[in-house]
Each structure stands twice: as structure tokens, then as C-alpha cells.
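Chains as they are written, first to last, in my numbering: chain V, 17 to 83; chain F, 17 to 83. Ideal placement from N, C-alpha and C gives every residue a C-beta, glycine not left out. Below is one structure; the comments refer to it alone.
There are 2 protein chains.
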Amino acid sequence: MENIKIKLARVEKGLSQQDLADLVGATRQTIGLIEKGKYNPSLNLCIKIAKSLDRTLNDLFWYENKK
Amino acid sequence: MENIKIKLARVEKGLSQQDLADLVGATRQTIGLIEKGKYNPSLNLCIKIAKSLDRTLNDLFWYENKK
DNA sequence: TCATAATGCAAAATATATCTTGCAATTATT
DNA sequence: AATAATTGCAAGATATATTTTGCATTATGA
Chain V
17 MENIKIKLAR VEKGLSQQDL ADLVGATRQT IGLIEKGKYN PSLNLCIKIA KSLDRTLNDL
77 FWYENKK
Chain F
17 MENIKIKLAR VEKGLSQQDL ADLVGATRQT IGLIEKGKYN PSLNLCIKIA KSLDRTLNDL
77 FWYENKK
């Protein structure tokens, strides 16, 4: 369950994992593991990531499931 | 920073905190504290809550900030 | 090729979300 | 008014997100 959306939005803005980590006040490892889908991040961190990437929560973390 | 959106969506569906807690596999206290804005819930819990209330992450946890 | 930046991985430590239990206070129902 | 249901609050225990540090691997650029 990789989160490819974050990675795409990040590289689209020309940011490294470290860059994004600095923007949201987290560590590179945390960003990497979230992108890998190995973490269940906190809401506040999700919000910071979304804002830093000019996206919304739904854009990055919401998956529509048909029915 | 109370989260009134969750509370509104919950009562709108005629659910008690305990009901919602059961639906998402959490405890009543956890739901209560999230509604009070005293917790920073995990993304997975947010997703479960949103689905249980037929809302999206943005509906319940995203606040548009002008500029 | 060489150097450097970016990423992956992993163990131990720390911070904090969540649970458990219990009781008080409030609200709804009869 | 009385009873039950709902919610608030709080301390201690547990689970887990996040940090810290370090090293290996891969990609990038000179």
C-alpha cells in the first residue's frame, strides 16, 4: 500500500524527501516511510504535508472505493 | 480547536460516541477527545471515521485557510 | 570514473496516540 | 423526580508513530 500520490506531488515540486521533511518539521525517514506506506501518520502531519505540497487531504490520502 | 464537524456528522446520523467508537474499532474516550480537539488522531482512524459517517477526509478534517 | 546527493533500511530511544478502568456530571426518557 | 443513557475527565498502562544515528545502495552530475 504505497502512497504514490505524495511521492508524485513531491517530485513534481522538485523537493527531496529531506526538503519536505524540513518543510513539515519531520525527519527524512518519516517521509520515506509514509511514502512507502509503512507508517500510519498523524492527522497533523498529513495536513502539514498536504499544505506544503499545495494539495488537500483528499488529494493525497483519500481513496474512493467503489461502493 | 474543537472539531465540531465530526460531532455534527455523528449526531446527524443518530450515533452516540460509543456507537461511532464501535464502528471504527476505537474507544468512546478516543472519539470524545478527538471531537474535543485534544487528540491528534492517526490517518487510519480519520479514514475509518470519515467512512463511517459517509464523509471524506476533507469534509471532516480539512480547513481551507484563505491565502 | 569520481564525487555527491538522494534514498532505503534497521535498531534503539523517545514521544505520544490509544486503551483500560473508574467515577462524576450532564442529558434524555419515563 | 427517578432512572438510564450519554458525555466529560483523569491516571496508569500499552501500542505505535517519530526521532536519532548510522551505514548501504542507487541515482546524478562534473
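- The alpha-carbon separation between residue 37(V) and residue 45(V) amounts to approximately 8 Å.
- Linking residue 41(F) to residue 64(F) through their CA atoms gives a straight-line distance of about 9 Å.
- Within the segment 67-83 of chain F, contact with chain V at the beta-carbon level (separation under 7 Å) is assigned to 72, 73, 74, 77, 78.
- Under DSSP, the beta-bridge partners assigned to residue 58(F) are 58(V).
- In this model, residue 27(F) and residue 49(F) are separated by some 16 Å (Cα to Cα).
- For residue 24(F), no chain V residue has a Cβ inside 7 Å of its Cβ, as the nearest lies near 18 Å away.
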